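>
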Amino acid sequence: MPARYEKSRCESIGDWYDAALMADQRNFDYLVIGSGIAGLTFALKVAKAGRVGLITKKHRAESNTNYAQGGIAAVMSAEDSLELHVRDTLVAGAGLCHEDAVRTIVSEGPALMRELIEWGVNFSRREGGGEYDLGREGGHSKRRVLHAGDITGREIERALLEEAARQPSITVFEDMLAIDLITSQKLGLPGRNRCLGCYALDEKRSVVETFGASMTLLATGGAGKVYLYTSNPDIASGDGVAMAYRAGASIANMEFVQFHPTCLYEPRAKPDRKSTRLNSSHSSVSRMPS
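Read in order, the letters of the sequence shown are residues 31 to 320 in this note's numbering.
What follows is the structure, encoded as structure tokens:
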């Protein structure tokens, strides 16, 4: 165990935290694993409540978010409505959607978009700099896709990283590969099984670090790289899902975890780059050869 203390002397979670404070361990109120839109948004929201440690296995901007192109759908126009957005989503979901979840996501969308804008995200506007240039993609009956040119994810990542850098309570650790979650059960502590942090490999120093936290958020993205052919970046290797499973979490609906689902096969590319994303905007047309 990287931290220098004896597990057998810890009779409670409180004892473990006391021992951890005296050991060679990094301790935070909140630990975030992943530096995409989910991890950064959570870190920013809890930054005023305590110290936040955010670890990412490559450069802080290397995430699925950074590669996302098209945009985010939300009701941002007087011509649109929440009910229309809910209806479109349920129709496109073909009976697989949980309506209560759809309504929650759709209803919270506009406020969350305004929050991103307040954090500095520059979504594209129409000529003259007035209304937002809302796109219309498959399944949508109205224009409701906020985008930043065709590099929406990169713009969101830029703004969130800059905002995080302005928060003195947020510390970012790059090139830190999370290995496994620390749980009270694994430490042999009594009571309900709880997550107490994680072990992570400092890839530059080849040293395993111990991170302790009262709350740990897994925001590690998908698992596209488990497939031979994918447009996913190399960091999408399912680490967080595996760690959660080993810690005792229930895993469900994995078939719905996806990123860049619409691709064009390119046989001349190297094996892990044989597909490129197709433009899925309202103006694109894909035709199969006759």
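Even for Gly, the Cβ is constructed at its ideal location relative to N, Cα and C.
Please read all numbers here as calculations on a predicted model, not as lab measurements.
Given a cut-off of 8 angstroms, decide if residue 183 and residue 95 are closer than it, judged by their beta-carbon atoms.
What you label residue 95 is simply residue 65 of the sequence shown in a count that begins at 1. What you label residue 183 is simply residue 153 of the sequence shown in a count that begins at 1. The answer is yes: Cβ separation under 8 angstroms.
> Express the C-alpha separation of residue 62 and residue 72 in angstroms, rounding to a whole number.
The residue you call residue 72 lines up with position 42 of the sequence shown. The residue you call residue 62 lines up with position 32 of the sequence shown. Answer to the nearest angstrom: the Cα atoms are 8 angstroms apart.
> For the putative contact between residue 203 and residue 58, defined by C-beta atoms under 8 angstroms, what is the C-beta separation to the nearest angstrom?
On the sequence shown, residue 203 is found 173 positions in, with the first residue counted as 1. On the sequence shown, residue 58 is found 28 positions in, with the first residue counted as 1. Going by Cβ atoms, the distance from residue 203 to residue 58 rounds to 10 angstroms, so no, they are not a contact pair.
> Would you check if the distance between the CB atom of residue 226 and the CB atom of residue 214 is smaller than 8 angstroms?
On the sequence shown, residue 226 is found 196 positions in, with the first residue counted as 1. On the sequence shown, residue 214 is found 184 positions in, with the first residue counted as 1. Using a Cβ distance threshold of 8 angstroms, residue 226 and residue 214 count as a contacting pair.
> DSSP has residue 62 in a bridge; who is on the other side?
Here residue 62 corresponds to residue number 32 of the sequence shown, with the count starting at 1. By DSSP's assignment, residue 62 forms a beta bridge with 84, 247.
> Give the straight-line distance between the Cα atoms of residue 128 and residue 112, rounded to the nearest whole angstrom.
As a first step, residue 128 must be located in the sequence shown, where it is residue number 98. As a first step, residue 112 must be located in the sequence shown, where it is residue number 82. Distance between the alpha carbons of residue 128 and residue 112 is about 16 angstroms.
> Quick check: what's the CA-CA separation for residue 163 versus residue 252?
Taking the sequence shown and counting its residues from 1, one reaches residue 163 at position 133. Taking the sequence shown and counting its residues from 1, one reaches residue 252 at position 222. Roughly 29 angstroms separates the two Cα atoms.
> Kindly indicate which residue of 208, 174, 258 has the alpha-carbon position closest to the one of residue 140.
Translated into positions along the sequence shown, residue 140 becomes position 110. Ranking 208, 174, 258 by Cα distance to residue 140 puts 174 first.
> Run through the DSSP bridge pairs and tell me what residue 162 is partnered with.
The residue labelled residue 162 in the question sits at position 132 within the sequence shown. In DSSP, residue 162 forms a bridge with 155.
> Which one or two residues does DSSP pair with residue 264 in a beta bridge?
For the purposes of this step, residue 264 is taken as the residue at position 234 of the sequence shown. None; residue 264 has no bridge partner.
> Shortest alpha-carbon distance to residue 98 belongs to which of 259, 186, 244, 136?
Counting from one through the sequence shown, the residue named residue 98 turns up at place 68. Selected option, being the one with the closest Cα: 186.
> Would you mind reading off the limits of the beta strand (DSSP E) that contains residue 24?
The structure shown does not extend to residue 24, since the chain is modelled only from 31 to 320, so the question has no answer here.
> To the nearest angstrom, how far is it from the Cα of residue 170 to the Cα of residue 144?
Here residue 170 is taken as the residue at index 140 of the sequence shown, counted from 1. Here residue 144 is taken as the residue at index 114 of the sequence shown, counted from 1. For residue 170 and residue 144, the distance between alpha carbons rounds to 21 angstroms.
> Have a look at 197, 76, 142, 78 and flag the residue whose alpha-carbon is nearest the alpha-carbon of residue 106.
For the purposes of this step, residue 106 is taken as residue 76 along the sequence shown, with counting starting at 1. Comparing Cα-Cα distances from residue 106 to each of 197, 76, 142, 78, the minimum goes to 142.
> From this set, 157, 191, 176, which residue's C-alpha is nearest residue 100's C-alpha?
To locate residue 100, count along the sequence shown from 1; it is residue 70. For the residues 157, 191, 176, the minimum Cα distance to residue 100 belongs to 176.
> Which one or two residues does DSSP pair with residue 179 in a beta bridge?
Numbered from 1 along the sequence shown, position 149 holds the residue referred to as residue 179. DSSP lists no partner for residue 179.
> Using the C-alpha atoms, what's the distance from residue 160 back to residue 124?
One-based indexing of the sequence shown puts residue 124 at position 94. One-based indexing of the sequence shown puts residue 160 at position 130. Distance between the alpha carbons of residue 124 and residue 160: 36 angstroms.
> Does DSSP put residue 229 in a helix, a strand or coil?
Counted from its first residue, the sequence shown places residue 229 at position 199. Residue 229 falls in the strand class under three-state DSSP.
> Under the assumption that residue 272 contacts residue 255 (Cβ atoms under 8 angstroms), give the Cβ distance between them as a whole number of angstroms.
For the purposes of this step, residue 272 is taken as residue 242 along the sequence shown, with counting starting at 1. For the purposes of this step, residue 255 is taken as residue 225 along the sequence shown, with counting starting at 1. Not confirmed; about 12 angstroms, so no contact.
> Select from 247, 279, 104, 269 the residue whose C-alpha is nearest the C-alpha of residue 209.
Counting from 1 along the sequence shown, the entry for residue 209 is found at position 179. It is 269.
> Considering only residues of the same chain and omitting the five flanking positions on each side of residue 116, which have a CB-CB separation below 8 angstroms?
As a working note, residue 116 is residue 86 in the sequence shown. The answer, listed in chain order, is 129, 132, 133, 136.
> With a cut-off of 8 angstroms on the beta carbons, I'd call residue 64 and residue 250 a contact; round off their distance for me.
Taking the first residue of the sequence shown as 1, we reach residue 64 at position 34. Taking the first residue of the sequence shown as 1, we reach residue 250 at position 220. Correct: roughly 4 angstroms between the Cβ atoms.
> Using the three-state DSSP reduction, which class does residue 131 fall into: helix, strand or coil?
Looking up residue 131 in the sequence shown gives position 101. Residue 131: helix per DSSP, three-state reduction.
> For residue 121, does the count of other Cβ atoms within 10 angstroms reach 16, so buried, or fall short, so exposed?
To locate residue 121, count along the sequence shown from 1; it is residue 91. When all chains shown are included, residue 121 counts as exposed.
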